[in-house]
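Going by the numbering used here, the sequence shown opens with residue 7, and the numbers climb by one from there. Note that beta-carbon positions come from the ideal geometry of N, C-alpha and C, so glycine has one too. Worksheet: the structure to be examined is printed underneath.
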Amino acid sequence: MVDKYLLDRMEAVLSQLSIPVGVIDRDGGANLPQEIRAALREMTDGVPQAMGGMLYMPVKQPSVILSCPEKLPGAKDVLILGGALVASLGSGAQHSETCFDVYRRALQGELLGAELEALSTEHQLPREMDRCVMVFHMVQTGKGRAFDLLREITPMQDKDVLIDMDRHTVALIKDMSETETVEELAQYAQALQETLMGETAHQMTVGIGRSCHTIDELRESYSEAKRSIEVGRIFQPEESVFIYSRLILERFLMELPQDISAAYHAMLFNRKTARLFNEEMLYTIDMFFKKDLNLSDTARQLYIHRNTLVYRLDKVQRQIGLDLRSFDDAVTFKILMELKKCGGEKLGRK
């Protein structure tokens with residue numbers, strides 16, 4: 007069966023011809039009359055034949071059928087020209103799909119060393135170039151694939167490559183020659199998210215790996231992009247774009263054994279402190295951290311008096327001995343609190 011995207015491209019090219027030429031997938035020709043379908047099976051590829059007032063011509067690669075009204079002037083010549091055009095498109099698409107498969111296998115670690123070098127040389131894939139892998143993940147894709155939703159709306163440079171990894175996942179190998187900072191990649195991802203939501207009402211999560219220089223290193227950048235999504239969803243569930251290089255602390259915490267995480271988390275969060283760390287107090291502390299330990303900005307954001315905020319922080323200091331207005335104590339508290347997200351909650355309150 008011919009890819010829908012390729013069929014759309016064929017239709018766009020054929021629409022420029024002087025007479026209307028239709029194109030259908032051979033496997034999708036169920037709407038044709040039975041006698042015509044039977045005759046098409048016996049026809050020679052590339053040779054037009056008149057049936058029922060129409061000219062039909064099978065094309066072998068890609069496997070499609072072209073048609074146009076028989077009585078229009080020059081119909082036969084236009085149909086032959088159309089066959090050459092779609093054959094050219096099909097040949098290019100076949101080559102591209104082979105290249106995509108090399109990239110896909112390289113990202114998944116199935117091609118390494120000499121084999122990857124040989125295939126990249128055979129298909130003229132750049133072996134050395136500054137690139138970065140971005141992973142787009144959609145939980146809900148409807149009846150289609152994430153790739154089908156993204157390929158027509160994703161803005162791409164000449165050397166960018168969009169790879170269909172599975173039904174829910176797409177990888178973009180991004181040329182970094184015109185991109186200076188990771189913030190630009192994040193802005194690119196956010197803009198694509200907005201376009202996707204506006205045109206398809208679908209949501210997606212984006213992971214961004216580190217920049218690499220050789221084709222061998224793409225696998226590592228791809229793994230980093232996937233890992234950033236896994237870690238980011240746990241520690242920053244309110245976000246949807248995650249940058250691997252910005253998740254250093256979170257990645258470190260995820261490496262700790264769960265029993266150790268749970269034990270250290272319980273040093274502060276246990277039955278004795280359950281009443282202290284109620285929902286209101288935790289929200290206050292979280293906002294205090296987001297406002298970079300600034301009392302005035304935090305009080306303003308919470309719509310409370312500055313003295314009320316000071317009273318709450320003093321209360322925390324009296325009961326657990328940490329002054330959250332001190333950077334060192336704030337870091338200690340933040341780390342122990344975050345441990346809950348990677349196993350600390352399993353210990354329970356003691």
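Given H208, which residues of its chain have a CB within under 8 Å of its CB, disregarding the five upstream and five downstream residues?
Sequence index remark: in the sequence shown, residue 208 carries index 202 (1-based). M144, Q146, T147, G148, L155, L202.
Short check: CB of L262 to CB of V237, under 8 Å?
As a position in the sequence shown, residue 262 is number 256, starting the count at 1. As a position in the sequence shown, residue 237 is number 231, starting the count at 1. Against a cut-off of 8 Å, the Cβ pair of V237 and L262 comes out as no contact.
Can you check DSSP and say which residues form a bridge with E134?
Reading the sequence shown from its first residue, position 128 is the one you call residue 134. T220.
To the nearest angstrom, report how far apart R157 and I310 are at their CA atoms.
Numbered from its first residue, the sequence shown carries residue 157 at position 151. Numbered from its first residue, the sequence shown carries residue 310 at position 304. Distance between the alpha carbons of R157 and I310: 48 Å.
Per DSSP, cross-strand counterpart(s) of D170:
If you number the sequence shown from 1, residue 170 lands on position 164. Per DSSP, V176.
Any C-beta of chain C under 8 Å from that of M16:
Any reference to chain C falls outside this structure, which holds one protein chain only.
At 4 residues or longer, and completely inside the region 212–296: list those alpha helix (DSSP H) runs for me, N to C.
224–241, 254–261, 264–271, 285–296
In terms of DSSP beta bridges, what is R60 paired with?
Sequence index remark: in the sequence shown, residue 60 carries index 54 (1-based). Residue identity check: residue 60 is Met in the sequence provided, not Arg. M60 pairs with M57, P75.
Residue burial classification, K66 (beta-carbon count within 10 angstroms, cutoff 16):
Taking the sequence shown and counting its residues from 1, one reaches residue 66 at position 60. Exposed, because fewer than 16 other Cβ atoms sit within 10 Å of the Cβ of K66.
Is I30 helix, strand or coil when you go by DSSP?
For this step, residue 30 is matched to residue 24 along the sequence shown. In this structure, I30 counts as strand in the three-state DSSP scheme.
One question on the structure: do G89 and G52 come within less than 8 Å of each other, judged by their Cβ atoms?
Walking along the sequence shown from the start, residue 89 turns up at place 83. Walking along the sequence shown from the start, residue 52 turns up at place 46. Result yes, Cβ atoms of G89 and G52 sit closer than 8 Å.
Quick check: the region 304–318 against the region 210–228, are there 3 or more CB pairs under 8 Å?
With the rule of 3 Cβ pairs closer than 8 Å, the region 304–318 does not count as touching the region 210–228.
Should L288 go down as buried or exposed, given a rule of 16 or more other Cβ atoms within 10 Å for buried?
For the purposes of this step, residue 288 is taken as the residue at position 282 of the sequence shown. Exposed, since its Cβ has fewer than 16 Cβ neighbours within 10 Å.
Using the rule of at least 16 other Cβ atoms within 10 Å of the residue's Cβ for burial, across every protein chain shown, is I221 buried or exposed?
Your numbering for residue 221 matches position 215 in the sequence shown. Per the 10 Å Cβ criterion, buried.
Do you know how far the Cα of F248 is from the Cα of T211?
Within the sequence shown, numbered from 1, the residue matching residue 211 stands at position 205. Within the sequence shown, numbered from 1, the residue matching residue 248 stands at position 242. Each residue's alpha carbon lies about 8 Å from the other.
How would you call S332, buried or exposed, if buried means at least 16 neighbouring beta carbons within 10 angstroms?
Sequence index remark: in the sequence shown, residue 332 carries index 326 (1-based). S332 should be labelled exposed.
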